[in-house]
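Heads up, the working numbering is the position in the sequence shown plus 102, with the first residue counted as 1.
Glycine included, C-beta positions come from ideal geometry on N, C-alpha and C.
It should be emphasised that the depicted structure is a prediction, and the values quoted were computed from it without experimental measurement.
Contents: one structure, followed by commentary.
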Amino acid sequence: MSTVFLRSGWTAWAAAGVLSLALASCGTSGQAPASAPKPSSAPAGSSSSTATIRVGLPVLDANWAPLYAAQDQGFFKKQGIDVKLYTFNGDAAVDQALAGNSVDVDVASLVGLIHLINAHQPVRAFWGGFNQAVFEWVSPTLTSMSQAKGATVGITTYGSLTDQLTRYALQQEGVDPSSVHFLQTGGSPSTISALKSHQITLGILSPPFSFMAANEGMHVVLKESQIIPAWPEQVLFAHQSYIQQNQDTLKKFLIGLAQGMEWVKAHPQGAAQVIEKHLKFSPEYALPTIQAITPGYSPQGEISQAGLTQFWNVMKASGVVKQPMPTQDWLDSSLLNTESTWLAPHLQGGS
Numbered sequence: 103m104s105t106v107f108l109r110s111g112w113t114a115w116a117a118a119g120v121l122s123l124a125l126a127s128c129g130t131s132g133q134a135p136a137s138a139p140k141p142s143s144a145p146a147g148s149s150s151s152t153a154t155i156r157v158g159l160p161v162l163d164a165n166w167a168p169l170y171a172a173q174d175q176g177f178f179k180k181q182g183i184d185v186k187l188y189t190f191n192g193d194a195a196v197d198q199a200l201a202g203n204s205v206d207v208d209v210a211s212l213v214g215l216i217h218l219i220n221a222h223q224p225v226r227a228f229w230g231g232f233n234q235a236v237f238e239w240v241s242p243t244l245t246s247m248s249q250a251k252g253a254t255v256g257i258t259t260y261g262s263l264t265d266q267l268t269r270y271a272l273q274q275e276g277v278d279p280s281s282v283h284f285l286q287t288g289g290s291p292s293t294i295s296a297l298k299s300h301q302i303t304l305g306i307l308s309p310p311f312s313f314m315a316a317n318e319g320m321h322v323v324l325k326e327s328q329i330i331p332a333w334p335e336q337v338l339f340a341h342q343s344y345i346q347q348n349q350d351t352l353k354k355f356l357i358g359l360a361q362g363m364e365w366v367k368a369h370p371q372g373a374a375q376v377i378e379k380h381l382k383f384s385p386e387y388a389l390p391t392i393q394a395i396t397p398g399y400s401p402q403g404e405i406s407q408a409g410l411t412q413f414w415n416v417m418k419a420s421g422v423v424k425q426p427m428p429t430q431d432w433l434d435s436s437l438l439n440t441e442s443t444w445l446a447p448h449l450q451g452g453s
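This is the structure:
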């Protein structure tokens, strides 16, 4: 069986990104740009009265509910910033956009960040707050991960978070990842379609698509929480120079994001309507999805320490790193270390 096993990560991962640079904009315009967004005419930190931050998201996902809520509720606007959200087709594409300065900030997996750093890109994480372990591996035919030998397994893109998690899950369940065939299927919507059409035997899904698969009679083969109870699902990262030169604007952005998280936690019905609107989710799945993901939100930007331990275990098992990176090599903690002075006064418990 064929597979792609990424050790340095960059070559195949970057190639996947080049092939995936078709964007769907979830920003205020609602229009899909024909190509990667061009550098902002009023970059964050400029003398313009309204700074613009271009934020890259790897896939359409309910996890971004606080970002959508912050836009809809006017939290970003109240901070005097214009936040434009761009959705890509996986980690590789969104991280390529950051490397090429087509977006200012990625809200994406720590896996993608490590690939960029290994490729000598001058990027660092500066915030967390997304500590969910909600992925599920589902199959129309298999009932356990131990049956996956020889199967065709769907992942988002090679080298992505879903790729590394799936390889780790297979190993934990006694299956050699080299004994399966990995197929790039994109995000959860296309993965569930590939499962239904039998293009793949096993796929990794996030809510609500895991709920949809169960309603289709598919088997939940394994839950992420069974092998990794805590996980730093996404982090915010940018070029080091951008972080250093735009501290005030990033604080405004993070205040809006934190208020969005509080609002989602305090208003689950309203948050369900937000993802119905932005992601076209069915009402029957929207509220259960919000209920599944909100416990992992940290308005203060926490990056789960228990999750980091698990993350480095996954990275070592996948061959991406030999040892955990020193914190200063992947994290700029300047904003996290001072959040009690500039963020706390703006947190109102979601009211």
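Which residues mark the beginning and the end of the alpha helix (DSSP H) in which Ser343 is found? Counting from 1 along the sequence shown, the entry for residue 343 is found at position 241. Looking at the DSSP string, the run of the alpha helix (DSSP H) that includes Ser343 is Gln342 to Gln347.
Any idea what DSSP makes of Leu449, helix, strand or coil? Counting from one through the sequence shown, the residue named residue 449 turns up at place 347. If DSSP states are grouped into helix, strand and coil, Leu449 belongs with coil.
Taking Glu378 as the reference, give the member of Leu389, Ala368 and His369 with the closest Cα. If you number the sequence shown from 1, residue 378 lands on position 276. Closest by alpha carbon: Leu389.
Apart from the five residues on each side of it in sequence, which residues of its chain come closer than 8 Å, Cβ to Cβ, to Ala296? As a position in the sequence shown, residue 296 is number 194, starting the count at 1. Counting only Cβ-Cβ distances below 8 Å, and skipping sequence neighbours, we find Gly256, Leu285, Thr287, Ile302 and Gly305.
Which of the three DSSP states is assigned to Ile155 in this structure? As a position in the sequence shown, residue 155 is number 53, starting the count at 1. In this structure, Ile155 counts as strand in the three-state DSSP scheme.
Can you give the Cα-Cα distance for Ala368 and Gly289, rounded to whole angstroms? Taking the sequence shown and counting its residues from 1, the one referred to as residue 368 is at position 266. Taking the sequence shown and counting its residues from 1, the one referred to as residue 289 is at position 187. Rounded to whole angstroms, Ala368 to Gly289 spans 28 Å at the Cα level.
Below 7 Å CB to CB, which residues in the same chain sit around Ile405 once its five sequence neighbours on both sides are set aside? Walking along the sequence shown from the start, residue 405 turns up at place 303. So the qualifying residues of the chain are Gly230, Pro334 and Val337.
Candidates Leu356, Asp434, Ile183 and Met427: which alpha carbon is nearest Pro447's? Stepping through the sequence shown from its first residue, residue 447 is reached at position 345. Comparing alpha carbon positions, the residue from Leu356, Asp434, Ile183 and Met427 closest to Pro447 is Leu356.
What three-state label does DSSP hand Gly214 in the structure shown? Along the sequence shown, one-based indexing puts residue 214 at 112. It is helical.
8 Å contact criterion, which Gly403 and Leu438 should meet: CB distance rounded: One-based indexing of the sequence shown puts residue 403 at position 301. One-based indexing of the sequence shown puts residue 438 at position 336. So it is a contact: roughly 6 Å between Cβ atoms.
Going by DSSP in three states, Leu433 sits in which element: helix, strand or coil? As a first step, residue 433 is located in the sequence shown; it is residue number 331 there, counting from the start. If DSSP states are grouped into helix, strand and coil, Leu433 belongs with the strands.
Residues bridged to Phe464 by DSSP? No statement about residue 464 is possible, as the shown extent of the chain runs from 103 to 453 and does not include it.
Helix or strand or just coil, what does DSSP make of Lys180? Within the sequence shown, the letter at position 78 stands for residue 180. In the three-state DSSP reduction, Lys180 falls in the helix class (H, G or I).
By the three-class DSSP mapping on this structure, what secondary structure does Ala253 have? Taking the first residue of the sequence shown as position 1, residue 253 is located at position 151. In the structure shown, the three-state DSSP call for Ala253 is coil.
N- and C-terminal bounds of the beta strand (DSSP E) containing Ile306: Mapped onto the sequence shown, residue 306 falls at position 204. Counting along the chain, Ile306 sits inside the beta strand (DSSP E) bounded by residues Leu304 to Leu307.
In this structure, what does DSSP give as the bridge partners for Trp239? What you label residue 239 is simply residue 137 of the sequence shown in a count that begins at 1. DSSP lists Ile306 and Leu324 as partners of Trp239.
Taking the beta strand (DSSP E) that Gln286 belongs to, which residues open and close that run? Residue numbering aside, residue 286 sits at position 184 when the sequence shown is read from its first letter. DSSP places Gln286 inside the beta strand (DSSP E), whose first and last residues are His283 to Gln286.
State whether the segment 411–425 contacts the segment 200–216, with contact taken as three or more CB pairs (one from each stretch) at a distance under 8 Å. Proximity of the segment 411–425 to the segment 200–216 meets the contact definition, three or more beta-carbon pairs being nearer than 8 Å.
CA-to-CA distance, Gln223 to Gln346, given in whole angstroms: Along the sequence shown, one-based indexing puts residue 346 at 244. Along the sequence shown, one-based indexing puts residue 223 at 121. Using only the alpha carbons, I get a separation of about 16 Å.
With DSSP as the reference, label Leu162 as helix, strand or coil. For the purposes of this step, residue 162 is taken as the residue at position 60 of the sequence shown. Per DSSP, reduced to three states, the secondary structure at Leu162 is coil, with no helix or strand assignment.
Which word fits Glu364, buried or exposed, when buried means at least 16 other C-beta atoms lie within 10 angstroms of its C-beta? As a first step, residue 364 is located in the sequence shown; it is residue number 262 there, counting from the start. By the neighbour-count criterion, in which a residue is buried when 16 or more other Cβ atoms sit within 10 angstroms of its Cβ, Glu364 is buried.
Tell me the DSSP secondary structure of Pro258 in three-state form. In the sequence shown, residue 258 corresponds to position 156, counting from 1. It should be pointed out that residue 258 corresponds to Thr in this sequence rather than to Pro. If DSSP states are grouped into helix, strand and coil, Thr258 belongs with coil.
For Gln361, collect the residues of the same chain with a Cβ closer than 7 Å to its Cβ; drop the 5 residues on either side in sequence, then sort them by chain order. What you label residue 361 is simply residue 259 of the sequence shown in a count that begins at 1. Excluding the 5 residues flanking it on each side, Gln361 has same chain C-beta neighbours closer than 7 Å at Ala172, Phe177 and His448, in chain order.
Going by the beta-carbon positions, is the gap between Lys354 and Gln181 smaller than 8 Å? The sequence position of residue 354 within the sequence shown is 252, counting from 1. The sequence position of residue 181 within the sequence shown is 79, counting from 1. Yes, Cβ-Cβ distance for Lys354 and Gln181 is below 8 Å.
How about Ala253 and Leu244: do their beta carbons lie closer than 8 Å? For the purposes of this step, residue 253 is taken as the residue at position 151 of the sequence shown. For the purposes of this step, residue 244 is taken as the residue at position 142 of the sequence shown. In this structure, Leu244 lies closer than 8 Å to Ala253 by Cβ.
Along the alpha helix (DSSP H) that carries Gln266, what are the first and last residues, could you check? In the sequence shown, the residue the question calls residue 266 occupies position 164. First-last of the alpha helix (DSSP H) with Gln266: Leu263 to Gln274.
Using beta carbons (cut-off 8 Å, strictly below), is Val376 in contact with chain C? The question asks about chain C, but that chain is absent: this structure has only one protein chain.
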